[in-house]
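A.B. asks:
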Amino acid sequence: MPEGHTLHRLARLHQRRYGRAPVRVGSPQGRFSDGAALIDGQVLRKADAWGKHLFHHYAGERVVHIHLGLYGTFTEFSTVDIPDPVGQIRMRMVGADYGTDLRGPTRCEVITEAEVPDVVAKLGPDPLRPDADPSRAWNRITKSRKSIGALLMDQSVLAGVGNVYRSELLYRHHIDPLRPGTTISGDEFDAMWTDLVALMKVGVRRGKIIVIRTEDDHGAPAYGPGRPRTYVYRRAGEACRVCDTEVRTTVLEGRNLFWCPTCQT
DNA sequence: GCTAAATGTTGAT
DNA sequence: TCAACCTTTAGCT
Numbered sequence: 000m001p002e003g004h005t006l007h008r009l010a011r012l013h014q015r016r017y018g019r020a021p022v023r024v025g026s027p028q029g030r031f032s033d034g035a036a037l038i039d040g041q042v043l044r045k046a047d048a049w050g051k052h053l054f055h056h057y058a059g060e061r062v063v064h065i066h067l068g069l070y071g072t073f074t075e076f077s078t079v080d081i082p083d084p085v086g087q088i089r090m091r092m093v094g095a096d097y098g099t100d101l102r103g104p105t106r107c108e109v110i111t112e113a114e115v116p117d118v119v120a121k122l123g124p125d126p127l128r129p130d131a132d133p134s135r136a137w138n139r140i141t142k143s144r145k146s147i148g149a150l151l152m153d154q155s156v157l158a159g160v161g162n163v164y165r166s167e168l169l170y171r172h173h174i175d176p177l178r179p180g181t182t183i184s185g186d187e188f189d190a191m192w193t194d195l196v197a198l199m200k201v202g203v204r205r206g207k208i209i210v211i212r213t214e215d216d217h218g219a220p221a222y223g224p225g226r227p228r229t230y231v232y233r234r235a236g237e238a239c240r241v242c243d244t245e246v247r248t249t250v251l252e253g254r255n256l257f258w259c260p261t262c263q264t
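Going by numbering that gives the first Met the number 0, the first sequence wraps up at 264, each residue one higher than the last.
(1) Among the residues of its own chain, which have a CB less than 7 Å from the CB of ARG89, if the five just before and after it don't count?
(2) Between the C-alpha atoms of HIS55 and TYR97, what's the straight-line distance to the nearest angstrom?
(3) So the candidates are ARG15, ARG226, PHE73, ASP125; which of them puts its Cα closest to the Cα of ALA197?
(4) Evaluate the contact criterion for the stretch 139-150 versus the stretch 172-187: three or more CB pairs, one atom per stretch, below 8 Å.
(5) Which one of GLY206, ASP117, GLN41, TYR70 has the shortest CA to CA distance from VAL22?
(6) Got a sec? Which residues, its chain only, sit under 7 Å from GLY18 by beta carbon, not counting five neighbours each side?
(7) From the DSSP output, which residues share a beta bridge with ILE65?
(8) Output yes or no for whether 7 Å exceeds the beta carbon distance between SER143 and GLY180.
(9) Alpha carbon to alpha carbon, how far is ASP243 from HIS64? Give it in angstroms, no decimals.
(10) Using a Cβ-Cβ cut-off of 7 Å (strictly less than) and excluding sequence neighbours within five positions of ALA235, which residues of its own chain qualify?
(11) Using a Cβ-Cβ cut-off of 8 Å (strictly less than) and excluding sequence neighbours within five positions of LEU9, which residues of its own chain qualify?
(12) SER166: buried (16+ other C-beta within 10 angstroms of its C-beta) or exposed?
(13) Go ahead and pull the three-state DSSP assignment for LEU127.
(14) So for ARG102, helix, strand or coil by DSSP?
(15) Can you check whether the CB of TYR170 is closer than 7 Å to the CB of VAL250?
(16) Between THR264 and the ligand FAD, is the CB less than 6 Å from at least one heavy atom?
(17) Mind reading off the beta-carbon distance from ALA136 to LEU157? Whole number of angstroms is fine, and I expect it under 8 Å.
(18) Tell me which same chain residues have a C-beta within less than 6 Å of the C-beta of ALA131, skipping the five on either side of it?
(19) Tell me the rounded alpha-carbon separation between HIS4 and LEU195.
(20) Kindly indicate which three-state DSSP category THR264 falls into: helix, strand or coil?
(21) Grab me the residues of PRO84's own chain with a C-beta within less than 6 Å of its C-beta, minus the 5 sequence neighbours each way, in chain order.
(22) When you compare only the Cα positions, how much space is there between VAL241 and GLU75?
(23) When DSSP labels each residue in this structure, what does LEU37 get in the three-state scheme?
(24) Apply the 10 Å Cβ neighbour rule to ALA35 and answer buried if 16 or more other Cβ atoms are within range, or exposed otherwise.
(25) Which residues mark the beginning and the end of the alpha helix (DSSP H) in which SER77 is found?
(26) What are the boundary residues of the beta strand (DSSP E) that VAL156 is part of?
Structure (structure tokens):
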């Protein structure tokens with residue numbers, strides 16, 4: 000579910016479903032009642048994402064700021080048959096033809112347009128945004144002695160990369176996750192950024208993380224029905240798809256990292 | 001049917 | 001460093 004591609008996909012969907020029209024907003028669970036009251040019935044001007052943050056811009060300078068966290072989800076329903084609220088629904092939006100329920104977010108709050116830049120200021124460049132400036136990420140990485148595996152997860156370095164893209168990107172570029180940022184060359188970074196932009200666009204389009212795409216990708220089998228989508232993520236102890244070495248795992252920055260010690264040196 | 005872990009972040013200790 | 005958030009799913013029985 001939620002790495003950056005998920006949020007961009009949701010922004011695109013919400014824009015299409017609810018954009019430029021009044022939306023009914025409520026909080027069946029109650030924890031977002033005050034916020035919902037501020038925007039209920041207003042026009043949603045635009046839905047937008049930056050990294051893992053989602054913004055619903057309403058008329059009247061109000062913005063709903065959402066972060067899904069680890070298990071936040073949106074589920075959609077048709078307004079032909081509006082379901083009774085089930086479980087803990089933080090926010091329910093109802094438009095003309097579709098509605099959606101938000102459950103389990105880390106953050107769901109109403110802020111002002113003027114506060115949006117404060118949120119974005121804490122985030123590095125987002126590979127999915129056309130205006131992204133990769134040199135901001137490069138400047139952080141090349142000056143840091145922290146490992147590249149840790150830096151990729153830092154949202155102030157790169158916005159939108161999560162635990163799956165981290166492991167998979169490093170695998171695709173034959174980079175040992177424990178190498179310090181200072182040892183990453185400009186060419187290596189440029190190649191990773193370019194790849195990340197392409198991989199995350201696939202993620203938005205397909206709604207899932209697919210990093211094995213063609214047969215010439217490291218000799219692994221091409222993606223297709225029933226074919227694997229990743230090289231190393233959650234494959235600890237299994238054979239590397241390319242060299243047969245056992246995939247290893249360790250905890251880095253509080254999350255499980257996966258890599259092939261032979262392919263990534 | 002039950003348990004553990006999960007694509008993430010925040011705030012307390 | 002760890003609990004909390006509170007849902008879904010994978011893997012077992």
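Glycine is no exception: its CB is placed at the ideal position from the N, C-alpha and C atoms.
C.D. replies: According to the structure shown:
(1) The residue given as residue 89 occupies position 90 in the first sequence. Hits under 7 Å: SER26, GLN28, ARG30, PHE31, LEU101, ARG102, PRO104, CYS107.
(2) Your numbering for residue 55 matches position 56 in the first sequence. Your numbering for residue 97 matches position 98 in the first sequence. Each residue's Cα considered, the two are about 16 Å apart.
(3) One-based indexing of the first sequence puts residue 197 at position 198. Out of ARG15, ARG226, PHE73, ASP125, ASP125 has the C-alpha closest to the C-alpha of ALA197.
(4) With the cut-off at 8 Å, the stretch 139-150 and the stretch 172-187 touch.
(5) For the purposes of this step, residue 22 is identified with residue 23 of the first sequence, where counting begins at 1. Of the candidates GLY206, ASP117, GLN41, TYR70, the one whose C-alpha sits nearest the C-alpha of VAL22 is GLN41.
(6) Counting from one through the first sequence, the residue named residue 18 turns up at place 19. Excluding sequence neighbours, GLY18 sits near LEU43, LYS45, ALA46.
(7) In the first sequence, counting from the first residue as 1, residue 65 sits at position 66. Note: ILE65 sits in a beta bridge opposite LEU53, CYS107.
(8) To locate residue 143, count along the first sequence from 1; it is residue 144. To locate residue 180, count along the first sequence from 1; it is residue 181. Their beta carbons are under 7 Å apart, which means SER143 touches GLY180 by this criterion.
(9) By 1-based counting over the first sequence, the position of residue 64 is 65. By 1-based counting over the first sequence, the position of residue 243 is 244. ASP243 has its alpha-carbon roughly 44 Å from the corresponding atom of HIS64.
(10) Numbered from 1 along the first sequence, position 236 holds the residue referred to as residue 235. Within the same chain, ALA235 has close Cβ partners VAL246, ARG247, THR248, PHE257.
(11) Here residue 9 corresponds to residue number 10 of the first sequence, with the count starting at 1. Contacts found: ALA46, ALA48, LEU53, PHE73.
(12) Along the first sequence, read from residue 1 onward, the residue named residue 166 stands at position 167. By the neighbour-count rule (16 or more Cβ atoms within 10 Å), SER166 is buried.
(13) Here residue 127 refers to the residue found at position 128 when the first sequence is read from its first residue. The DSSP-derived three-state label of LEU127 is coil.
(14) The sequence position of residue 102 within the first sequence is 103, counting from 1. The three-state secondary structure of ARG102, taken from DSSP, is strand.
(15) Against the first sequence, residue 250 aligns to sequence position 251. Against the first sequence, residue 170 aligns to sequence position 171. No, the pair does not count as a contact, with Cβ atoms beyond the cut-off.
(16) With respect to small molecules bound, the structure shown includes none, and the ligand FAD cannot be examined in it.
(17) Along the first sequence, read from residue 1 onward, the residue named residue 136 stands at position 137. Along the first sequence, read from residue 1 onward, the residue named residue 157 stands at position 158. That belief holds up - the Cβ atoms of ALA136 and LEU157 are roughly 5 Å apart, short of 8 Å.
(18) The residue labelled residue 131 in the question sits at position 132 within the first sequence. The residues are PRO124, ASP125.
(19) For this step, residue 4 is matched to residue 5 along the first sequence. For this step, residue 195 is matched to residue 196 along the first sequence. Each residue's Cα considered, the two are about 11 Å apart.
(20) Start at 1 with the first residue of the first sequence, and residue 264 comes out as number 265. DSSP places THR264 in coil when its eight states are reduced to three.
(21) Translated into positions along the first sequence, residue 84 becomes position 85. Cβ within range, chain order: PRO27.
(22) The count along the first sequence starts at 1 and reaches residue 241 at position 242. The count along the first sequence starts at 1 and reaches residue 75 at position 76. Straight-line Cα distance between these residues: approximately 39 Å.
(23) Along the first sequence, read from residue 1 onward, the residue named residue 37 stands at position 38. Note: LEU37 maps to helix in three-state DSSP.
(24) Against the first sequence, residue 35 aligns to sequence position 36. The residue is buried, with at least 16 neighbouring Cβ atoms inside 10 Å.
(25) Taking the first sequence and counting its residues from 1, the one referred to as residue 77 is at position 78. No alpha helix (DSSP H) holds SER77; the beta strand (DSSP E) holding it covers 72-77.
(26) Here residue 156 refers to the residue found at position 157 when the first sequence is read from its first residue. In the DSSP annotation of this structure, VAL156 is not part of any beta strand (DSSP E), being labelled neither H nor E.
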